[in-house]
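In the working numbering, the protein residues as written are 89 to 237. From the three backbone atoms N, C-alpha and C, an ideal C-beta is built for every residue, glycine too. Let me begin by presenting the structure, written as structure tokens, before commenting on it.
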Ligand code: HEM
């Protein structure tokens, strides 16, 4: 059971982080406005559902694993151990990523077939860049946790 959960968690992490890196590549290399208008409305909703499913699987499997290693209770009080410190930092970053994802989704949903205002464009861009950077940081803490367990 533990093995299945870890496999699922890793698979979802690959999908989630890989997706954010790929979309960053599209953002960097697909500069043509016409091409963007043709591509984004088509792949946007598919990508949205794909990312949503990956994130939900990460949250569920992560919680199950933390529970099975008895890490959930000490999480709130802190026990000074390396694993709890790393998990606390990882979860703060995960919470920020979840909030940024919700903001990004809301803008995507209300503007999918419309022109974006400058502010919407800026928030959408900034949130996706931040999500990408935070994901790499989360990955670092995930490795620290695995090594400390
Ligand atoms: C954006 C969300 C998340 C990402 C990208 C992520 C990523 C990862 C990755 C890649 C690993 C494997 C590390 C390795 O093998 O070296 C891992 C392990 C782990 N994650 Fe997450 N994770 C996320 C959310 C969570 C959440 C929400 C929890 C707990 C509530 C959690 C708890 C754990 C635990 C306990 C392990 C260690 C499992 C083991 O080594 O057997 N993760 N995570």
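Inset, instruction - Using 6 Å as the cut-off, classify the Cβ of residue 106 as near or not near the heavy atoms of the ligand HEM, replying yes or no. - result: no
Legend entry - Spatially closest choice to residue 202 from 114, 116 and 129, by CA coordinates: 129
Legend entry - Nearest to residue 186 (by Cα), restricted to the options 164, 219 and 148: 219
Legend entry - Sub-7 Å separation of residue 192 and residue 215 beta-carbons: yes
Legend entry - Beta-carbon contacts of residue 188 that lie in its chain and below 7 Å, excluding the five residues immediately before and after: 215, 218 and 219
Inset, instruction - Given a cut-off of 7 Å, decide if residue 93 and residue 152 are closer than it, judged by their beta-carbon atoms. - result: yes
Inset, instruction - Decide if residue 226 is buried, meaning its Cβ has at least 16 other Cβ atoms within 10 Å, or exposed. - result: buried
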